[in-house]
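There are 2 protein chains.
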Amino acid sequence: MEIKIGMAKTAKYANEYCGDTCDLAERPHGGISAIIADGQGNGLAAHHTSSWVVTKATQLIGDGARDGAVARAVHDYLYAMKDRKVSCTLTVISADLESETVVISRNSNCPTIVVTPEYESVYDDEVAPIGVHRHMKPRMYEVPFTPGMLVVSYTDGIAHAGRKHTGHDADFEKIMEIIRKDTAEDVDYIARSIMEYALFLDKEKASDDMTVVVLGITEDSPGAKIEELKAVYPF
Amino acid sequence: MEIKIGMAKTAKYANEYCGDTCDLAERPHGGISAIIADGQGNGLAAHHTSSWVVTKATQLIGDGARDGAVARAVHDYLYAMKDRKVSCTLTVISADLESETVVISRNSNCPTIVVTPEYESVYDDEVAPIGVHRHMKPRMYEVPFTPGMLVVSYTDGIAHAGRKHTGHDADFEKIMEIIRKDTAEDVDYIARSIMEYALFLDKEKASDDMTVVVLGITEDSPGAKIEELKAVYPF
Numbered sequence: 001m002e003i004k005i006g007m008a009k010t011a012k013y014a015n016e017y018c019g020d021t022c023d024l025a026e027r028p029h030g031g032i033s034a035i036i037a038d039g040q041g042n043g044l045a046a047h048h049t050s051s052w053v054v055t056k057a058t059q060l061i062g063d064g065a066r067d068g069a070v071a072r073a074v075h076d077y078l079y080a081m082k083d084r085k086v087s088c089t090l091t092v093i094s095a096d097l098e099s100e101t102v103v104i105s106r107n108s109n110c111p112t113i114v115v116t117p118e119y120e121s122v123y124d125d126e127v128a129p130i131g132v133h134r135h136m137k138p139r140m141y142e143v144p145f146t147p148g149m150l151v152v153s154y155t156d157g158i159a160h161a162g163r164k165h166t167g168h169d170a171d172f173e174k175i176m177e178i179i180r181k182d183t184a185e186d187v188d189y190i191a192r193s194i195m196e197y198a199l200f201l202d203k204e205k206a207s208d209d210m211t212v213v214v215l216g217i218t219e220d221s222p223g224a225k226i227e228e229l230k231a232v233y234p235f
Numbered sequence: 001m002e003i004k005i006g007m008a009k010t011a012k013y014a015n016e017y018c019g020d021t022c023d024l025a026e027r028p029h030g031g032i033s034a035i036i037a038d039g040q041g042n043g044l045a046a047h048h049t050s051s052w053v054v055t056k057a058t059q060l061i062g063d064g065a066r067d068g069a070v071a072r073a074v075h076d077y078l079y080a081m082k083d084r085k086v087s088c089t090l091t092v093i094s095a096d097l098e099s100e101t102v103v104i105s106r107n108s109n110c111p112t113i114v115v116t117p118e119y120e121s122v123y124d125d126e127v128a129p130i131g132v133h134r135h136m137k138p139r140m141y142e143v144p145f146t147p148g149m150l151v152v153s154y155t156d157g158i159a160h161a162g163r164k165h166t167g168h169d170a171d172f173e174k175i176m177e178i179i180r181k182d183t184a185e186d187v188d189y190i191a192r193s194i195m196e197y198a199l200f201l202d203k204e205k206a207s208d209d210m211t212v213v214v215l216g217i218t219e220d221s222p223g224a225k226i227e228e229l230k231a232v233y234p235f
């Protein structure tokens, strides 16, 4: 089978720095993790916060730490370094080959959505961001690999898109429709489509930093097993 | 402008573990680095070696260390941890927004190629891999950003493809042709094409682990500045 990950990120309109950070980390026992974080506020300070959080998370994942420990350690780090004054959301979506499951660790005000050919789940239990509360635990979920599975999450720039113009949030059902009508082959297209929907609601001027992550599990591609990475980084 | 990176990697035929590792790291002062490493031997031991090397490099880059220091520190780490007994190649290609240059750090037996609309350079000076010699320095090169620029490197599974069947290495001129006939927009296509050429020479059964990295500098895309990441991870 194949794990496919697509991510898209954009900064609040007219801001040089994006307060969201996203990254990937290869897991030493096999598999890959996608990490997204939204630092408190926006601009350079938020950029540094979310960068630190994601860099620390990728370092721990690369060293083999389990996801629950990663979220706790990154929280403790931010809590100590910023003297409990700065919050940050953190969502880690891991396709773990040892357990053959997708492990989701959420400290975010945005949902994580799982869509497979058999079922749909929306994980949106209330949970605090990291960095500000003494006692912090991530919300953890685990779902077995299924071909055709899609796991989607995003930051609140997506969830609240359009609020400035219409007074209400982005239509969650519309986001679900975008996910449902595509396949796990098209993770990058789905990420891009959700972002384009949010930008459309914000009249092409993002009201906040926006990040989308889409992870898919697909059947094998024919031919040699080729791992691929692609990045586009505008400046 | 935009930085685009495409990477492709495959394991030696019938090997479960790939001894090459590749990864990306966002630079805290802006820009992005691509890292490739080829661990001594192949299979699980080589996989662990190159994973450690790349994980350590991405950690240091994420913490803001300059590339020359990264190569030295990663060498010292491998030299200490493996008691100077295990070698690994390391190539770091960084598009650095602070200096607006591409910085290349090579400890590899394979060349790094720069092709722009104005000139072509092949950096293939002799340099030792990391991990085994007390005094190690990376070969460093720095070239200013130019729209249309392509920077390409690979591991020796590509350079030596076909040797098993024909007794001689892959045709370097053929690799240059693949690079020349495409544009910096198509980094992933170029990476994939070079790998497919090498697999063709090896009769679709890779004689060694193979990795290709292609970095391109392009003009702006229209619309919002959207950063994108995509990964395909077969298992």
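Chains A and B supply the protein sequences, listed in that same order. Heads up, the first sequence is in UniProt numbering, so the first residue is 1 and it goes up one at a time. Heads up, the second sequence is in UniProt numbering, so the first residue is 1 and it goes up one at a time. Think of the CB as a built atom: it goes at the ideal place given N, C-alpha and C, for glycine as much as any other residue.
Item: Short check: CB of B:Ala184 to CB of B:Leu229, under 9 Å?; Value: no
Item: Using CA coordinates, which residue listed in A:Leu215, A:Tyr77, A:Glu219, A:Met7 is at the minimum distance from A:Met136?; Value: A:Tyr77
Item: Below 9 Å between beta carbons: does that hold for A:Asn15 and A:Asp156?; Value: no
Item: Leaving aside the five residues before and after B:Ile61 along the sequence, list all residues of the same chain whose C-beta is less than 7 Å from its C-beta, in chain order.; Value: Ala25, Arg27, Ser33, Val70
Item: Using CA coordinates, which residue listed in B:Met7, B:Lys4, B:Lys12 is at the minimum distance from B:Asp202?; Value: B:Lys12
Item: State yes or no: is the C-beta of A:Pro144 within less than 9 Å of the C-beta of A:Asp67?; Value: no
Item: Report the residue from B:Ile3, B:Gly31, B:Val53, B:Met1 whose alpha carbon sits nearest the alpha carbon of B:Gly19.; Value: B:Val53
Item: Rounding to the nearest angstrom, what Cα-Cα distance links B:Thr112 and B:Val102 in this structure?; Value: 12 Å
Item: List the residues of chain B that A:Pro28 touches, going by C-beta distances under 7 Å, in chain order.; Value: Ser51
Item: With three or more beta-carbon pairs closer than 8 Å as the criterion, would you say the segment 166-175 of chain A touches the segment 88-96 of chain A?; Value: no
Item: Could you please give me the residues that DSSP links to A:Lys230 through a beta bridge?; Value: B:Gly6, B:Lys230
Item: Counting only beta-carbon atoms, is residue 236 of chain B nearer than 9 Å to chain A?; Value: Residue 236 of chain B is absent from the model: chain B starts at 1 and stops at 235.
Item: Given 8 Å as the limit, tell me if A:Ala45 has its C-beta closer than that to any heavy atom belonging to the ligand COA.; Value: Absence of the ligand COA from the depicted structure is noted, as is the absence of any ligand whatsoever, leaving it without description.
Item: Just verifying my parser: in three-state terms, what is the DSSP assignment at A:Gly162?; Value: coil
Item: Would you say B:Met7 faces chain A, with C-beta separation under 9 Å as the test?; Value: yes
Item: Find the nearest neighbour of A:Ile35 within the set A:Lys56, A:Lys181, A:Gly131, A:Ala45, judged by alpha-carbon distance.; Value: A:Lys56
Item: For chain A, is any of its Cβ atoms less than 9 Å away from the one on B:Glu2?; Value: yes
Item: Can you pull out the residues from the segment 224-235 of chain B whose beta carbon lies closer than 7 Å to at least one beta carbon of chain A?; Value: Ala224, Lys225, Ile226, Glu227, Glu228, Leu229, Lys230, Ala231, Val232, Tyr233, Pro234, Phe235
Item: What runs of the alpha helix (DSSP H), each 4 residues or longer, lie entirely inside the segment 126-150 of chain B?; Value: none
Item: For B:Leu44, collect the residues of the same chain with a Cβ closer than 7 Å to its Cβ; drop the 5 residues on either side in sequence, then sort them by chain order.; Value: Tyr17
Item: Give the range of the beta strand (DSSP E) segment to which B:Thr49 is assigned.; Value: No beta strand (DSSP E) contains B:Thr49, which is instead part of the alpha helix (DSSP H) from 44-62.
Item: Report the residue ranges of all alpha helix (DSSP H) runs contained in full by the segment 77-113 of chain B; include only those spanning at least 4 residues, in chain order.; Value: none
Item: For the putative contact between B:Tyr141 and B:Thr211, defined by C-beta atoms under 8 Å, what is the C-beta separation to the nearest angstrom?; Value: Their Cβ separation, rounded to whole angstroms, is 19 Å, which puts B:Tyr141 and B:Thr211 out of contact at 8 Å.
Item: Give me the chain B residues within the contact set of A:Leu44, using Cβ-Cβ distance strictly less than 9 Å, ordered along the chain.; Value: Those within 9 Å of A:Leu44 in chain B number zero; the least Cβ separation is about 11 Å.
Item: With burial defined as no fewer than 16 other Cβ atoms inside 10 Å of the residue's Cβ, what is the status of B:Ala80: buried or exposed?; Value: exposed
Item: Nearest chain B C-beta to A:Ile32 closer than 9 Å, yes or no?; Value: yes
Item: Is B:Pro222 buried or exposed, if buried means 16 or more other CB atoms sit within 10 Å of its CB?; Value: exposed
Item: To the nearest angstrom, report how far apart A:Ala231 and A:Leu215 are at their CA atoms.; Value: 16 Å
Item: Below 8 Å on the Cβ atoms is my guess for A:Thr49 versus B:Ala224; work out the distance and round it to an integer in Å.; Value: Incorrect: roughly 23 Å between the Cβ atoms, too far for contact.
Item: Check the Cβ-Cβ distances between A:Asp125 and every residue of chain B, and say whether any is below 9 Å.; Value: no
Item: Flag B:Val70 as yes if its beta-carbon sits less than 9 Å from any beta-carbon of chain A, otherwise no.; Value: no
Item: What is the DSSP secondary structure of B:Ala191, reduced to helix, strand or coil?; Value: helix
Item: With a threshold of 9 Å between beta-carbons, can B:Val74 be considered close to chain A, or not?; Value: no
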